[in-house]
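So in our numbering, spot 23 of the sequence shown is number 3, and the numbers just go up one at a time. Each remark here refers to the structure printed beneath this line.
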Amino acid sequence: MDIIDKTVVFVKQELQHAESGHDWWHIQRVWNNARHIAFYEKVDLLVVELAALLHDIADGKFHDGNEDIGPQKAGEFLQSMDVDSTIIQHVQQIIRNMSFKASLGTVTFHSKELEVVQDADRLDAMGAIGIARAFTYGGYKNRELYNPGIKPDLKMSKEAYKSSTAPTINHFYEKLLLLKDRMNTATAKLLAEERHRFMECYLEQFYAEWKGEK
């Protein structure tokens, strides 16, 4: 069994009770997206695959906001597999810097591998699956679906984003609809177009139903 196969086994075990928007199936989709995008990019595929597989091994939002636990846990696993230290550090840096909330603060690391994994993860936050994941997490946090009296915060800081309790519909404007223009690679930009249009159509239908027009 090679390192990728061992990582798959490890991640499946660790995330077997995870919230369904951040479970193994999310990881698998991001992994598939990452491999697809990487095919068109000059990157270290091992770094891309390991980062994609381990990027949500301990998401800070489920660990009292601790943003170090994910990279730490990923690093400990990779060390136990005798992975080269340079690869481990690269994977940890990707995990530490790839999230949307990280982009709201100061990002001090960059690599082509980060671009690929970040795009792969952002694609899974868009389209039909992105909508399903948004409402799943909103339900998990007992948030309102929509409240016309609570407007989206379009200039949110990293800390405000982390502590937000706004309705799920606001999340479309505060993150999901912004992703199309924040893709790094040509492949992801192309894939994001259709997913973005689907979300726009969904919102049109949502508001029409909310107002009793349809």
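Virtual Cβ for every residue (Gly too), placed ideally from N, Cα, C.
Of all the options the options, which has the alpha carbon lying nearest to the alpha carbon of residue i?
i    : options                   : result
H16  : A38, D161 and Q98         : Q98
W11  : L125, K(-8) and H(-3)     : K(-8)
Y20  : H6, K169, R102 and L33    : K169
L33  : V71, M106, A18 and D24    : V71
G118 : Q69, A146 and F80         : A146
R9   : M106, G50, Q69 and K121   : M106
Y141 : A188, E184, N122 and S83  : S83
Q69  : L94, K81 and F80          : L94
F80  : K(-14), K160 and L(-5)    : K160
D24  : G85, N77 and K92          : K92
S144 : R113, T165 and N122       : N122
N127 : K194, W190, R175 and L158 : W190
A166 : E(-6), A18, W4 and T(-13) : A18
D64  : L157, L26 and L158        : L26
Under DSSP, the alpha helix (DSSP H) around residue i begins and ends at which residues?
i     : result
K53   : I49 to S60
Q(-4) : That residue, Q(-4), is in no alpha helix (DSSP H); it is neither H nor E in DSSP.
Y20   : No alpha helix (DSSP H) contains Y20, which DSSP labels as neither H nor E.
E154  : T148 to E154
F178  : A166 to W190
R102  : K92 to L103
Y117  : G107 to Y120
H70   : S65 to N77
K81   : F80 to S83
Looking at residue i: is its Cβ nearer than 7 Å to the Cβ of residue j?
i      : j      : result
P163   : A172   : A small fix is needed here, since residue 163 is Met in this sequence, not Pro. A contact, by the Cβ cut-off of 7 Å.
A38    : K22    : no
V96    : A14    : yes
M136   : E124   : no
I109   : Y182   : no
E29    : I(-16) : yes
D(-18) : L(-5)  : no
Tell me whether residue i is buried or exposed, calling it buried when 16 or more other Cβ atoms sit within 10 Å of its Cβ.
i      : result
H6     : buried
V(-11) : exposed
D36    : buried
R177   : exposed
E47    : buried
G192   : exposed
T(-13) : buried
A114   : buried
A31    : buried
Legend entry - contact_flag[the segment 145 to 158, the segment 125 to 135] where n(CB pairs < 8 Å) is 3 or more: yes
Inset, instruction - Taking 8 Å as the threshold, find out whether the segment 54 to 66 comes into contact with the segment 86 to 104 through three or more Cβ pairs. - result: no
Inset, instruction - Answer yes if the segment -9 to 5 comes into contact with the segment 73 to 92, meaning at least three C-beta pairs across the two stretches below 8 Å, and no otherwise. - result: no
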